[in-house]
Amino acid sequence: MRQITAIATEDIPANRLCCLAGGGDPDKVYVRLAYADEAADFCSKRAISQGEEVTVDLEGDGYWEVEFKATEQANSVAAGISVNVLDGGYIGMDGNLASYIGYTLEPGSDGDVIKIKKLYKVKASRINPY
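Quick note: the sequence shown uses our numbering, first residue 2, plus one each step.
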């Protein structure tokens, strides 16, 4: 199976990171915006309305185009920089988060849609060896 049908649990803007979610019907698949520090499952390519059924490509190519959101730590990002998942399915830079979703392939600033290579990483400082 390379595709599934999912139902949006909320309005999802284009170019945002998304996660699978539970919903009212256990026989259906649901999708929502990613929360900060989650390992996103995929990226929206267009705006999706709450309750809309969408086809989700499970294979993908490992590259996503995601909207960058400025934080207190960074108003912009250069190419080749690891980025975090922020609330609302944005990418950005937040040193308080434990993981990265990938790295940028081009520079950008607040509101720009930036191409990233998906490569989930946990910060070494967050790994407890015991």
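Positions of the beta carbon are idealized from the N, C-alpha and C atoms, including for glycine.
Asked	Found
Return the Cβ separation of V32 and C44 in integer angstroms, given the expectation that the two are a contact with Cβ distance under 8 Å.	Their Cβ separation, rounded to whole angstroms, is 11 Å, which puts V32 and C44 out of contact at 8 Å.
State the DSSP-derived secondary structure class of A125, mapped to helix, strand or coil.	helix
Identify the continuous beta strand (DSSP E) that holds Y91 and give its terminal residues.	Y91 to G93
Please report the residue range of the beta strand (DSSP E) in which A165 lies.	What is shown of the chain runs 2 to 131, which leaves residue 165 out entirely.
When you compare each of W65, D26, R17 and P27 to G37 by their alpha carbons, which one comes out closest?	The identity of residue 37 in the sequence shown is Ala, whereas the question assumes Gly. For A37, the nearest C-alpha among the options comes from R17.
To the nearest angstrom, how far is it from the Cα of G24 to the Cα of G89?	18 Å
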